[in-house]
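Just add 34 to wherever you are in the sequence shown, counting from 1, and you've got the numbering used here.
Report on the following structure.
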Amino acid sequence: RPNFQTIIEAPSGSGKSIFENIHKNLLARRINTDNESFMEFREIKPIIQTISMTASAPMVIEILVYNKGVHAVAFEPEIKTVGEAMKTSNGISMDLLCKAFDNSTVTRMNKDKSAPQGEFQVCLNYVFTGTPDAVVRFINRSKSVEGGNAARICWCVLPPSAKELPKMDFPD
């Protein structure tokens, strides 16, 4: 199953907020349903398809476990928020995001025997946006967005507003 892992870089004031509007408009009904379902998550374990990157890693994994292979999507309009969340002691890791690329598994062994145990697929899509400086800080801070890991992400760079991209001649 294909995954959508994208980082959109653009200068301030260049229209990154359009992506947040698209996300909210396309997934409005799902976001509202998930917000209501999340209130009952501890009791009935519904499928949650829109998640926050600021949730703890154990909570994200638990949601993915109970989704039983149904993909979740995370959108974060400020990539610095993801970087800050990753710095916390139980924040989501770059390793988890990398495993989402090809639905690799995570193993969960918890002393709470009522919690799900075993191997589970990481079915997660994400879109993060940020300014060039914020994206560079995210890459430098996580130290694992390099080589093969960087190739797993679709990198999109938007030009400044009212600017044209330079003409580039390509061989035939």
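No residue lacks a Cβ here, since even glycine has one placed at the ideal position from N, Cα and C.
Keep in mind that this is a model prediction, so the values were computed, not measured.
Contact belief for residue i with residue j at Cβ below 8 Å, rounded distance in angstroms
| i | j | result |
| --- | --- | --- |
| residue 98 | residue 156 | 6 Å |
| residue 43 | residue 166 | 6 Å |
Closer than 8 Å: residue i CB and nearest the ligand SAM heavy atom
| i | result |
| --- | --- |
| residue 109 | As for the ligand SAM, it is missing from this structure, which has no ligand bound. |
Under 9 Å between C-beta atoms of residue i and residue j
| i | j | result |
| --- | --- | --- |
| residue 171 | residue 117 | yes |
| residue 100 | residue 126 | no |
| residue 38 | residue 124 | no |
| residue 192 | residue 48 | yes |
| residue 65 | residue 84 | yes |
| residue 91 | residue 130 | yes |
| residue 204 | residue 111 | no |
| residue 186 | residue 120 | no |
Where residue i sits in the DSSP three-state scheme
| i | result |
| --- | --- |
| residue 70 | helix |
| residue 99 | helix |
| residue 195 | coil |
| residue 38 | coil |
Own chain residues within Cβ distance below 7 Å of residue i, not counting five before or after
| i | result |
| --- | --- |
| residue 71 | 80 and 82 |
Residue i at chain D interface by Cβ criterion, 9 Å
| i | result |
| --- | --- |
| residue 124 | Absent from the structure is chain D; it holds one protein chain and no more. |
Alpha helix (DSSP H) runs wholly inside the stretch 113-189, at least 4 long, in chain order: For the alpha helix (DSSP H) assignment, the uninterrupted runs of no fewer than 4 residues enclosed by the stretch 113-189 are, from N- to C-terminal side, 113-121, 128-134, 166-176 and 181-185.
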